[in-house]
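Working notes for the structure below.
Numbering (the working numbering), first residue to last: 4 to 321.
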């Protein structure tokens with residue numbers, strides 16, 4: 004091999020590669036076939052946080068780009084994700100225009116994914132549903148789900164000197180909640196069962212809840228003291244406008260001891276400002292029971308505490 008010829012040809016090869024990578028006019032007759040897209044950096048920051056974070060538990064990203072008419076133009080799945088301030092993911096796009104990026108983190112086999120067709124699917128269609136068996140949702144303990152949307156970005160005409168790629172950021176918000184519910188002051192805590200149901204099991208591409216029947220989340224009620232029982236639940240996002248029902252049943256009689264809309268109870272409390280649903284994903288709920296002068300000589304809930312705040316108390320005839 005003629006080494007001198009190889010050395011001489013290297014600058015030409017590098018120039019050619021640089022032209023290809025940058026869609027140089029010397030390589031392309033026009034920009035129609037030039038690869039384009041949006042680079043997205045993902046981070047997480049609630050309204051209560053001073054700085055962004057990069058959650059290590061986000062390991063998979065489903066990223067979708069919709070045009071100004073709400074039509075899907077790009078669908079991508081990225082595995083083995085590691086978020087950081089410097090890391091970006093390229094979302095390929097073919098045409099100039101306005102785009103919004105929607106991303107979901109950690110969609111796995113706990114969910115059924117709807118049919119996705121680039122060029123047809125709209126952002127208002129249902130993306131996924133939490134799997135369930137009858138009225139019971141699949142157990143998502145130990146998992147997290149995340150959602151992000153970007154500001155509107157524009158790919159402008161490169162013939163007018165616009166950039167080949169544009170960059171944006173998207174804030175991943177956690178869509179899972181961990182809820183611990185305990186009941187104190189019961190003479191026989193083994194006789195009670197705690198349930199949590201919500202109609203939040205289906206989501207559209209744009210992060211909004213799709214209409215669905217209420218589903219019970221798995222959670223075993225355990226006796227944890229002489230007068231206390233407790234249950235733990237992992238749920239999808241608890242938000243107003245959808246059923247989020249906390250129920251306590253007396254097992255020997257089948258009687259419903261207590262029922263409340265969990266989010267409604269928080270929002271209707273005079274202490275609601277201390278429990279910001281936009282910043283919290285973990286809820287420690289404590290119900291305090293008391294014997295009442297009732298026809299069936301039973302116990303009722305007289306106080307609701309959430310994350311250390313007394314949000315409701317009820318007067319009863321003792």
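Even for Gly, the Cβ is constructed at its ideal location relative to N, Cα and C.
Going by C-alpha to C-alpha distance, which of the options sits closest to residue i?
i           : options            : result
residue 64  : 198, 110, 222, 140 : 110
residue 43  : 266, 200, 156, 51  : 156
residue 313 : 222, 77, 276, 211  : 276
residue 50  : 311, 292, 280, 39  : 280
residue 292 : 256, 214, 221, 191 : 191
residue 182 : 175, 241, 228, 40  : 241
residue 250 : 224, 100, 105      : 224
residue 214 : 83, 38, 133        : 133
residue 128 : 316, 228, 230, 75  : 75
residue 232 : 196, 158, 60       : 196
residue 274 : 72, 95, 310        : 310
residue 260 : 297, 267, 46       : 297
Among residues of its own chain, excluding the 5 on either side of residue i, which ones have a beta-carbon nearer than 6 Å to its beta-carbon?
i           : result
residue 289 : 185, 308
residue 217 : 200, 202, 246
residue 220 : 140, 199, 236, 238
residue 119 : 78
residue 193 : 226
Sorted by chain position, which residues of the same chain lie with C-beta nearer than 8 Å to residue i's C-beta, five sequence neighbours on each side aside?
i           : result
residue 131 : 107, 110, 114, 115, 116, 117, 205, 206
residue 80  : 63, 64, 65, 66
residue 137 : none
residue 257 : none
In three-state terms, what does DSSP make of residue i?
i           : result
residue 54  : coil
residue 311 : coil
residue 275 : helix
residue 194 : helix
residue 210 : coil
residue 86  : coil
residue 13  : Note on residue 13: pLDDT 41, under 50, position unreliable in the model; the coordinate value appears next. Helix, per DSSP.
residue 304 : strand
residue 110 : coil
residue 266 : helix
residue 291 : strand
residue 98  : coil
residue 78  : strand
residue 285 : strand
So is residue i in contact with chain D if we call contact Cβ pairs under 7 Å?
i           : result
residue 220 : Absent here is chain D; the protein component of the structure consists of one chain.
So, under 8 Å CB-CB, residue i and residue j are touching, yes? Tell me the CB distance rounded to an integer number of Å.
i           : j           : result
residue 149 : residue 172 : In fact, because the Cβ distance is near 14 Å, the residues do not count as touching under 8 Å.
residue 147 : residue 179 : 5 Å
Tell me which residues share the same chain as residue i and place their Cβ nearer than 7 Å to its Cβ, disregarding the 5 neighbours each side in the sequence.
i           : result
residue 272 : 314, 315
>> Threshold first: 3 residues or longer. Then list the beta strand (DSSP E) segments lying entirely within the region 233-257, N to C.
In response: 247-253
> What residue ranges within the region 117-188 form continuous beta strand (DSSP E) runs of no fewer than 3 residues, ordered along the chain?
Replying inline: 129-133, 149-152, 156-158, 168-174, 179-187
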